[in-house]
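Heads up, the thing below is written out as structure tokens.
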Amino acid sequence: MSSVKKYEYDVLIIGAGGAGLRSAIEASDAGVKVGVVCKSLLGKAHTVMAEGGAAAAIGNIDEKDNWKIHFADTMRGGQYLNNPKMAEIHAKESPARIFELEAWGALFDRTKDGKILQRHFGGHRYRRLAHVGDRTGLEMIRTLQDHGIHQGIDFHMECTVLNLLKDGDRIAGAFGYDREKGRFLVFETSAVVLATGGIGRAYKVTSNSWEYTGDGQTLAYDCGAELIDMEFVQFHPTGMVWPPSVKGILVTEGVRGEGGVLRNSEGRRFMFDDIPEAYKSSTADSEEEAWQYTIGNTEARRPPELLTRDHVARCIIREIKEGRGSPHGGVFLDIAWIKEKLPNAVEHIKRKLPSMYHQFKELAEIDITTEVMEVGPTTHYIMGGVRVNAETQMTNVPGLFAAGEVAAGLHGANRLGGNSLSDLLVFGRRSGEFAAKFSKENGKAAIDDRQVQSATRAALAPFERAGGSGGSGVYQVQQELQDSMQSLVGIVRTESELKEGLEVISRLKERSKVVGVEGNREYNPGWHTALDLHNLMTISEAIARCALMRKESRGAHFRLDFPDKSEGFAEIIMVISKDADGLMQVNSEAIVPLTEEHKQIIEDNK
Amino acid sequence: MASVTFKVWRGNKEGGEFKEYSTDITEGMVVLDALFQIQADAANDLAIRWNCKAGKCGSCSAEVNGYPRLLCMTRMSSLPQDRPVKIEPMKSFPVIKDLVCDVSWNYEAKKRIKKFKPRKPDAADGTWRMQQEDVDRVQEFRKCIECFLCQDVCHVLREHHLHENFIGPSLLVYTAALEMHPLDVEDRTEDLRKHQGIGYCNITKCCTNVCPENITITDNAIIPLKERLVDKFYDPLKKILNLFSGKS
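Going down the list, the protein sequences come from chains A and B. Count the first sequence with my numbering and you get residues 1 to 606, in order. Count the second sequence with my numbering and you get residues 1001 to 1248, in order.
Okay, structure coming up:
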């Protein structure tokens, strides 16, 4: 049996993106011993990629803004499947979390009177996103990182957690390995916070990096926690489509926020053609009005390009399917046109969207200040995930917490842009606070060596199967899963394709149990990919099962065979759990009801 | 579609060698794409560190034909393809395996730089007021993605291995961002001189040339820091005043 290296913490945080770092800072402030495990180097997590901004009703530009309107916008965007308590906490606490970042050194773009500047984003009534050009995520993660390294937190970089260990019902620790040497690690801890992010790698076209393999969702599911809303996967409307090697890389919504417009091959601004009823009264009906809004005329209504992401993505798909797409299978996104309106447009674009300018110039040889971009939908975010208590972020497993993208409830059927960065600050902080409290109140539990031994055996199994045929290598299984999820469980879904998808997943699951890997345990990506397959299979199955159950179209979930919303599903969420035989169960449950106050706020802000 | 040969360094801290692989290149591919193909088809255990694949996280730093680059932002079409493309790990840090280096020194050294310390809030609600033009200068430094390519090219680290005495351009940019932050009231000049070895930098500007974020490292970060030091420690007028006031 391989030897294992042991560490002891009060709170162990898995993941070092925004949620994990914010959680770690809070827990260490509470005086407990904190360890953070992350798959990459510190500061490289997906938060670094976030571009547009963090939504908070600070009201620096639009004084009328307040938490109630942010709450109502979030609920409407989520088609009222959100957990209203979470949406309330999020809207109320976001401003304080942004100010706190400033106190830790973050430098947001400024208004003329020296306050934090806020920008437009889809689904938000007012200019609400605190931002730094189009690299807000980098500013946030670096601020949290640079603050966190002085907090006495232990960071285990380039380590992966494979199993959570339990003592009876509650969390006792975690088992994993370090990438460098492949040494096994056991973390003895009173509480675990999952902050592992999303699942983008289950799809072929994604804005997510290799890390996002549904680790936290699977760790939680495997140890008895519930997953909800897994059918709601956000396909961001604008990813790069050309050249092939960059397909899926994100093009920030900020491009549209700064005046970028979507056009089809006929030059038509097609977003004007289909404006949902709920947004009619708040959407511009002429190009001039849309531009007036962009430049800050508070009387003007929003451009249709800033409708919610699910809707914009579907409109783009429609244009492509009906033959009005761009040469490489997308549509056109044009920011260069603003030179008709602004004398210093080229400078303005470079200043407001520097990393987009750089990204297109370097990777596609396109100058966005003079040329149009080609864009199409890309897998971006999962609204669903681990079910948590709205206030404490604890799951149904005592001592297990989740925050950020891996957790679910805030965003319902569709997330508004900008609500993710504020989500991870607000609930990252809460998860750290309550995990520390849990550890103080409950102390440590016992590690069961048998669990460690069986986890070790499972982790080493791929090596024992080395020499397997090249045809069923780990990378090939991963690619087949991504292809199938893309084509069968993607943006437009039908019952027959979802069923076919489940069959493919089940076949690939069997193959993933027999793939072998070559080489040794030192920094071996083949081995790492083999171990990730279990997670990818688990969350893919969860997405497909929930999608099959929801026989309607709502938010990010679109069923071609049930293209409309259905009353019968209006107040129901899907809940995934593992049964006694280890099989995946899906049950529907009533949503968390709105309080009278919530109802009133929503009514007042219709 | 054309087949291109790569010479990829394979090995670990004990040693290694270049191995040849060929793979097909299609339009728009970057070096990292080619390495992924090699990894999937011929070298499953080829160690590459990467993350965002969009030039935003700074993970995939290595040397392409001897030049420090992000693998994800180096287009195949920018390289001569009539001879093998040489890929090797950075030289300023110990190798872990293949193209992956142990960069932990950067994180340790950063921890020793005094953290951000803001002045008292400007407004009663605990917030500050800053003008965009004051923020601009520091925002340039805060674009740093910590890819450490500037550390790789810096001869003080690369050839002279003075890691103990010199924090390197990347951390000088970090220090400059703190020192020039409109709200910061900490003083790091003494540390820069005594422990962080700013004097070792002789302004060859190699770091500026390799920065994928186009940060003007030498001119905008390092030189102004050097000037601050001169003002503080070598100003003749101050020296005389200090003499009279009894300070050394």
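Heads up, the beta-carbon is just placed ideally off N, CA and C, and yes, glycines get one too.
**Prompt:** chain A partners of Gly1016(B), CB-CB under 8 Å?
**Reply:** What Gly1016(B) touches in chain A: nothing, since even the nearest Cβ is about 12 Å away.
**Backbone secondary structure at Asn163(A) - three-state DSSP** = Strand, per DSSP.
**Message:** Give me the subset of the stretch 1112 to 1137 of chain B whose CB atoms are less than 7 Å from a CB atom of chain A, sorted by chain position.
**Reply:** Lys1115, Phe1116, Pro1118, Gly1126, Thr1127, Trp1128, Arg1129, Met1130, Gln1131, Gln1132 and Val1135
**Message:** Let's test the definition: count the other Cβ atoms within 10 Å of the Cβ of Asn535(A) and tell me whether it reaches 16, buried, or not, exposed.
**Reply:** Answer is buried; the Cβ neighbour count reaches 16.
**Asked** So, does the CB of Asp1024(B) fall closer than 8 Å to a CB anywhere in chain A?
**Response** no
**Request:** Express the C-alpha separation of Glu287(A) and Arg269(A) in angstroms, rounding to a whole number.
**Result:** 9 Å
**Message:** Taking its Cβ as the centre, do 16 or more other Cβ atoms sit within 10 Å of Ala446(A), making it buried, or is it exposed?
**Reply:** exposed
**Message:** Classify Pro243(A): buried if its beta carbon has 16 or more other beta carbons within 10 angstroms, exposed otherwise.
**Reply:** Buried: at least 16 other Cβ atoms inside 10 Å.
**Asked** Tell me which same chain residues have a C-beta within less than 6 Å of the C-beta of Ser1059(B), skipping the five on either side of it?
**Response** Arg1049, Trp1050 and Asn1051
**Asked** Can you tell me whether Glu441(A) is buried or exposed, with buried defined as 16 or more other CB within 10 angstroms of its CB?
**Response** So Glu441(A) ends up on the exposed side.
**Message:** Output needed for Pro95(A): all residues of its chain with C-beta closer than 6 Å, excluding positions within five of it in sequence on either side, in chain order.
**Reply:** Ala56 and Ile58
**Message:** Quick check: the Cα distance between Ala45(A) and Tyr1234(B), rounded to an integer number of angstroms?
**Reply:** 43 Å
**Asked** Could you give the residue range of the alpha helix (DSSP H) that holds His1155(B)?
**Response** In the DSSP annotation of this structure, the continuous segment of the alpha helix (DSSP H) that includes His1155(B) starts and ends at His1155 to Arg1158.
**Prompt:** Just how far apart, CA to CA, sit Asp579(A) and Val397(A)?
**Reply:** 15 Å
**Message:** Let me confirm a value: Leu1157(B) is counted as buried when at least 16 other C-beta atoms fall within 10 Å, else exposed. Which label applies?
**Reply:** buried
**Prompt:** With 8 Å set as the bound, which would you pick, yes or no: does the beta-carbon of Lys608(A) sit closer than that to a beta-carbon of chain B?
**Reply:** This structure does not reach residue 608(A), given that chain A is present from 1 up to 606, and the question cannot be answered.
**Item:** the stretch 108 to 126 of chain A / the stretch 1005 to 1016 of chain B touching (three or more Cβ pairs under 8 Å)
**Value:** no
**Request:** State yes or no: is the beta carbon of Ile199(A) nearer than 8 Å to at least one beta carbon in chain B?
**Result:** no
**Prompt:** So what does DSSP say about Thr308(A), is it helix, strand or coil?
**Reply:** Coil, per DSSP.
**Message:** Could you check whether the Cβ of Gly471(A) sits closer than 8 Å to any Cβ belonging to chain B?
**Reply:** With a pLDDT of only 43 at Gly471(A), under 50, the local geometry of the prediction cannot be trusted, and the value read off the model is given with reservation. By this cut-off, Gly471(A) is not an interface position.
**Item:** Per-residue burial, Ser1170(B) [other beta carbons within 10 Å of its own, 16 or more giving buried]
**Value:** buried
**Asked** Under three-state DSSP, which class holds Asp1235(B)?
**Response** Reduced to three states, the DSSP call for Asp1235(B) is coil.
**Request:** Take Ala1109(B) and list the residues in its own chain whose beta-carbon comes closer than 7 Å to its own, dropping the five residues that flank it on each side.
**Result:** Ile1167 and Leu1171
**Message:** Just to check my reading of the structure: Leu306(A) and Gly257(A) have Cβ atoms closer than 8 Å, yes? What is that Cβ distance to the nearest angstrom?
**Reply:** 7 Å
**Message:** Counting only C-beta atoms, is Leu424(A) closer than 8 Å to chain B at any point?
**Reply:** no
**Prompt:** Once you ignore the five residues that flank His380(A) on each side, which residues in its own chain have a CB closer than 6 Å to its CB?
**Reply:** Ser207, Gln234 and His236
**Item:** Of the residues Lys350(A), Leu425(A), Leu560(A) and Glu51(A), the one placed nearest Val492(A), counting alpha carbons only
**Value:** Leu560(A)
**Within 8 Å, strictly: CB atoms of Asp73(A) and Arg125(A)** = yes
**Asked** Quick one: is Ser1092(B) buried, meaning 16 or more other Cβ sit within 10 Å of its Cβ, or exposed?
**Response** buried
**Item:** Interface partners of Val517(A) on chain B, CB under 9 Å
**Value:** Asn1044 and Asp1045
**Request:** For Thr283(A), name the three-state secondary structure that DSSP assigns.
**Result:** strand
**Message:** Whole angstroms are fine: how far does the CA of Thr1175(B) sit from the CA of Leu1149(B)?
**Reply:** 17 Å
**Request:** Could you confirm whether any beta carbon from chain A is found closer than 8 Å to the beta carbon of Phe1006(B)?
**Result:** no
**Request:** Look up Ile199(A) in the DSSP assignment and give the residues it is bridged to.
**Result:** The partner list for Ile199(A) (beta bridge, DSSP) is empty, contrary to what the question assumes.
**Prompt:** Would DSSP call Lys1097(B) helix, strand or coil?
**Reply:** strand
**Asked** Which of helix, strand or coil does DSSP assign to Lys1019(B)?
**Response** strand
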